[in-house]
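The opening residue of the sequence shown carries number 1179 in the numbering used here; numbering runs sequentially from there.
A virtual CB, placed ideally from N, CA and C, is assigned to each residue, including glycine.
Report on the following structure.
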Amino acid sequence: MLRGREGKLAAVHFAALSAAGTALCFAVAPAAGWICLSLCALLGAIFAAFTRRRYREIRRLSQYLASVYSGGKPLDIRDNREGELSILKNDLYKITCVLTRQAEQLHRDKDYLAEAMQNISHQLKTPLTSLFVMTELLRSPDLPTDRREEFWQSTGQSLERIQWLVGTLLKFSRLDAEAVAFAREELALADLLARAAAPLRPLLEGRRLSLSIDCPPALTWRGDGEWTAEALGNLLKNCAEHTPPGGSVWVRCSENPLHTEIAICDSGEGIDPGDLPHLFERFYKGKNAASDGVGIGLAMAKTILQSQNADVSARNRPEGGAEFSVKLYKQIV
């Protein structure tokens, strides 16, 4: 109890005052001296008990902090009684809970980063291996012209895949770092959907897919046209890639007091029920995913939309096929 400097000073001061008061009382009258001595002894005992109790509580708090520091879970030490120690307990509990959550989040981020790096290296390995093989084959002087042209095309496709993958990952890193300043401009949804579908025309024509967009010209939304068009384009591309040749992809827009909804549907085989909970996770490839798929298009679409007060979900239509529902909220939620 007296190991602390404050406790020693308090004890010395109390003893000095008690001795002086008792001596003064004995000088006045012996009876007064004995009464003063008894009161000082009683007050000293009360002070010692109170101080001992406070030091015991402080020692428990120190042990609690030591256990949390060593990796233990925060215990509920909150105290609803009035007093400085109760306030200290409540504040320490809040701080340790926040620090524990931050440590757990850092651990999850570390695991995610390790997994992401592994997935990225795997995705880059395939086109890089193809480039090395093509380069070796192109060195052969006896290679026929038609085969040489075929290898050159394969090399170009591998380089384009690497370029797309690196560009997409850079976009993801900017979104994660919150380094993207999304514009807030009034956008006509019909024009936005047309912009999103324009790069997909070769894919749609090559698979003989029909695309119809039903969006009233008066529907508008405030957001970033370039980023939102990319998000919607990723959703349309997913539908087109999972629709059999000769099928159809269609878009319809509707509005209510809370949000504007964009439904993107296809006549494909639908989404495997086991894939639905993980569909928007990064690098997740479903059971029906293409062999050359990466698994980041849908994740990027969700990240872009959620960064602009919007969201996206997926379901299987009762009539067959998949449906992505994009909700563009009118107020911040």
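Quiz item: Roughly how many whole angstroms lie between the Cα atoms of SER1216 and SER1240?
Solution: As a position in the sequence shown, residue 1216 is number 38, starting the count at 1. As a position in the sequence shown, residue 1240 is number 62, starting the count at 1. In this structure, the straight-line span from the alpha carbon of SER1216 to that of SER1240 is close to 36 Å.
Self-check item: the stretch 1438-1449 / the stretch 1490-1500 touching (three or more Cβ pairs under 8 Å)
Solution: When Cβ pairs closer than 8 Å are counted between the two stretches, the stretch 1438-1449 is seen to touch the stretch 1490-1500, the count reaching three or more.
Quiz item: When the Cα atoms are used, what is the spatial distance from SER1196 to ASN1268?
Solution: Taking the first residue of the sequence shown as position 1, residue 1196 is located at position 18. Taking the first residue of the sequence shown as position 1, residue 1268 is located at position 90. Straight-line spacing of the CA atoms in SER1196 and ASN1268 works out to 37 Å.
Quiz prompt | Pick from ASN1487, ALA1492 and GLN1486 that is closest to SER1476, judged by C-alpha positions | solution = What you label residue 1476 is simply residue 298 of the sequence shown in a count that begins at 1. Note that residue 1476 is Leu in the sequence shown here, rather than Ser. If we check each option's Cα against that of LEU1476, ALA1492 comes out closest.
Quiz item: At which residues does the alpha helix (DSSP H) containing ASP1324 begin and terminate?
Solution: As a first step, residue 1324 must be located in the sequence shown, where it is residue number 146. In the DSSP assignment, ASP1324 falls within the unbroken alpha helix (DSSP H) covering 1323-1354.
Exercise. State the CB to CB distance for the pair ALA1418 and VAL1427, rounded to an integer number of angstroms; the pair is presumed to be in contact (CB under 8 Å).
Key: The residue given as residue 1418 occupies position 240 in the sequence shown. The residue given as residue 1427 occupies position 249 in the sequence shown. Contact check for ALA1418 and VAL1427: beta-carbon distance about 6 Å, within the 8 Å limit, so the pair qualifies.
Quiz item: From LEU1123 to LEU1243, what distance separates their C-alpha atoms?
Solution: This structure cannot speak to residue 1123, because the chain is shown only from 1179 to 1511.
Practice problem: Report yes or no: do the stretch 1392-1411 and the stretch 1351-1371 share at least 3 C-beta pairs separated by less than 8 Å? | Solution: Counting Cβ pairs under 8 Å, three or more are found: they touch.
Quiz prompt | Beta-carbon spacing of ILE1482, PHE1461 below 9 Å | solution = Translated into the one-based positions of the sequence shown, residue 1482 becomes position 304. Translated into the one-based positions of the sequence shown, residue 1461 becomes position 283. Taking 9 Å as the Cβ cut-off, ILE1482 and PHE1461 do not qualify as a contacting pair.
Quiz item: Which residues does DSSP pair with LYS1272 in a beta bridge?
Solution: Within the sequence shown, residue 1272 is the residue found at index 94, counting from 1. In the DSSP output, where bridge partners are listed per residue, LYS1272 has none listed.
Exercise. Sort out for me which residues DSSP pairs THR1481 with in a bridge.
Key: Taking the first residue of the sequence shown as position 1, residue 1481 is located at position 303. THR1481 pairs with nothing; no bridge assigned.
Self-check item: Helix, strand or coil at ALA1492 according to DSSP, with G and I counted as helix
Solution: On the sequence shown, position 314 is the one that residue 1492 refers to. Three-state DSSP puts ALA1492 in a strand.
Exercise. If I'm right that LEU1413 touches LEU1371 with Cβ under 8 Å, what's the distance once you round it to whole angstroms?
Key: By one-based count along the sequence shown, residue 1413 stands at place 235. By one-based count along the sequence shown, residue 1371 stands at place 193. For a cut-off of 8 Å, the C-beta gap from LEU1413 to LEU1371 is around 10 Å, too long to register as a contact.
Quiz item: For ARG1231, which residues does DSSP report across the bridge?
Solution: Numbered from its first residue, the sequence shown carries residue 1231 at position 53. Per DSSP, none; premise fails for ARG1231.
Self-check item: Per-residue burial, PHE1329 [other beta carbons within 10 Å of its own, 16 or more giving buried]
Solution: Against the sequence shown, residue 1329 aligns to sequence position 151. The residue in question, PHE1329, is buried, as its Cβ has 16 or more Cβ neighbours within 10 Å.
Practice problem: Have a look at the DSSP bridge pairing and note the partners of VAL1427. | Solution: For the purposes of this step, residue 1427 is taken as the residue at position 249 of the sequence shown. DSSP lists LEU1389 and ASP1444 as partners of VAL1427.
Practice problem: Measure the C-alpha to C-alpha separation of GLY1532 and LYS1272 and round it to an integer number of angstroms. | Solution: Not covered by the structure: residue 1532. The range shown for the chain is 1179 to 1511.
Quiz prompt | Beta bridge counterpart(s) of VAL1504 as assigned by DSSP | solution = The residue given as residue 1504 occupies position 326 in the sequence shown. DSSP, once it has assigned bridges, lists ILE1440 and VAL1490 as partnering VAL1504.
Exercise. In the DSSP assignment, find the alpha helix (DSSP H) that holds CYS1421 and state where it starts and stops.
Key: To locate residue 1421, count along the sequence shown from 1; it is residue 243. Rather than Cys, the amino acid found at residue 1421 in this sequence is Thr. Here THR1421 belongs to no alpha helix (DSSP H), and DSSP marks it neither H nor E.
Quiz item: ILE1236: buried (16+ other C-beta within 10 angstroms of its C-beta) or exposed?
Solution: For the purposes of this step, residue 1236 is taken as the residue at position 58 of the sequence shown. Exposed.
Quiz item: If you drop the 5 nearest sequence neighbours on each side, which residues of the same chain put their C-beta closer than 7 Å to that of ASN1494?
Solution: By 1-based counting over the sequence shown, the position of residue 1494 is 316. Cβ neighbours of ASN1494 beyond the five flanking positions: GLY1448, ILE1449 and ALA1500.
Quiz item: Since ASP1402 and GLN1484 are thought to touch, with beta carbons under 8 Å apart, how far apart are those beta carbons, to the nearest angstrom?
Solution: Here residue 1402 is taken as the residue at index 224 of the sequence shown, counted from 1. Here residue 1484 is taken as the residue at index 306 of the sequence shown, counted from 1. Actually they are not in contact, since the Cβ atoms of ASP1402 and GLN1484 sit about 13 Å apart, beyond 8 Å.
Quiz item: Quick one: Cα of ALA1355 to Cα of LYS1288, how far?
Solution: As a position in the sequence shown, residue 1355 is number 177, starting the count at 1. As a position in the sequence shown, residue 1288 is number 110, starting the count at 1. In a straight line, the C-alpha of ALA1355 is about 15 Å away from that of LYS1288.
Practice problem: With DSSP collapsed to three states, give me the class of GLU1433. | Solution: In the sequence shown, residue 1433 corresponds to position 255, counting from 1. Here GLU1433 sits in strand by DSSP.
Exercise. Answer yes or no: do SER1336 and MET1312 have a C-beta to C-beta separation smaller than 9 Å?
Key: As a working note, residue 1336 is residue 158 in the sequence shown. As a working note, residue 1312 is residue 134 in the sequence shown. Yes, these two residues count as a Cβ contact at 9 Å.
Exercise. Per DSSP, which residues does GLY1401 bridge with? Please list them.
Key: Numbered from its first residue, the sequence shown carries residue 1401 at position 223. Under DSSP, GLY1401 forms a beta bridge with GLU1363.
Quiz item: Grouping DSSP H, G and I as helix and E and B as strand, with all else coil, what is PRO1305?
Solution: Reading the sequence shown from its first residue, position 127 is the one you call residue 1305. In the structure shown, PRO1305 sits in a helix (DSSP, three-state: H, G or I).
Quiz item: Cβ atoms of THR1438 and LEU1378: under 9 Å apart, would you say?
Solution: Working through the sequence shown from its first residue, we reach residue 1378 at position 200. Working through the sequence shown from its first residue, we reach residue 1438 at position 260. No; because the gap between Cβ atoms is not below 9 Å, this pair is not in contact.
Exercise. Report back the beta-carbon spacing between ARG1405 and PHE1458 to the nearest angstrom; my notes put them in contact at under 8 Å.
Key: On the sequence shown, position 227 is the one that residue 1405 refers to. On the sequence shown, position 280 is the one that residue 1458 refers to. Strictly speaking, residue 1405 in this sequence is Trp, with Arg absent from that position. No, TRP1405 and PHE1458 are not in contact; Cβ-Cβ is about 16 Å, not under 8 Å.
Quiz item: In this structure, does DSSP put ASP1450 in helix, strand or coil?
Solution: Position 272 of the sequence shown, counted from the start, is the residue given in the question as residue 1450. Of the three classes helix, strand and coil, the one that applies to ASP1450 here is coil, per DSSP.
Exercise. For my contact list, MET1478 and LYS1349 are in at a C-beta cut-off of 8 Å; report their separation, rounded to the angstrom.
Key: Residue mapping note: residue 1478 aligns to position 300 of the sequence shown, counting from 1. Residue mapping note: residue 1349 aligns to position 171 of the sequence shown, counting from 1. 7 Å between Cβ atoms; contact.
Quiz item: Can you tell me the Cα-Cα spacing of ALA1163 and ARG1279, whole angstroms?
Solution: Outside the displayed span of the chain (1179 to 1511) sits residue 1163, for which this structure offers no information.
Practice problem: Could you check how far apart the C-beta atoms of ARG1373 and ARG1400 are, in whole angstroms? I think they sit under 8 Å. | Solution: Mapped onto the sequence shown, residue 1373 falls at position 195. Mapped onto the sequence shown, residue 1400 falls at position 222. About 16 Å separates the two Cβ atoms, so there is no contact after all.
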